[in-house]
Amino acid sequence: MYSVGKDHCLRCSGKMICRGAEQIQLGKTGFFFGSLGNLMSGALEVKVYTCQNCGKIEFYCNEPSDGS
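According to our numbering, the sequence shown is numbered sequentially starting from 7.
Right under this line is the structure:
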């Protein structure tokens, strides 16, 4: 039975290692406005975890949830 959470991989149940926080760029690049959508959308800060066994990567929101 696989353990659910940040400690064990959901794929192989291997140990997950925290690689720190990163910012993922939101938005998209458009034909007419180029990268303006990216600049206006901002970024989402996430914690990055990788599995020691299979290399699976998981992202977890680094900000507290507002409940919505």
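Ideal Cβ positions, reconstructed from N, Cα and C, are used throughout, including at glycine. Computed from a prediction, not measured in an experiment: that's the story for all the values here.
Once the 5 residues before and after residue i are set aside, which same chain residues still bring their CB inside 7 Å of it?
i, result
"N68", "A27, E51, V52, K53"
"K12", "M22, Y55, Y66"
If you drop the 5 nearest sequence neighbours on each side, which residues of the same chain put their C-beta closer than 6 Å to that of residue i?
i, result
"E64", "Y55"
"K21", "Q58"
"R62", "One detail in the question is off: residue 62 reads as Lys in this sequence, not Arg. So the qualifying residues of the chain are C15, R17."
Do residue i and residue j have their CB atoms nearer than 8 Å?
i, j, result
"A49", "I23", "no"
Distance check for residue j and residue i, CA to CA, integer angstroms please.
i, j, result
"Y66", "L32", "15 Å"
"S19", "C60", "9 Å"
"R25", "C15", "14 Å"
From the DSSP secondary-structure annotation, give me the bridge partner or partners of residue i.
i, result
"L50", "I30"
Tell me the residue span of the beta strand (DSSP E) that contains residue i.
i, result
"C67", "63-67"
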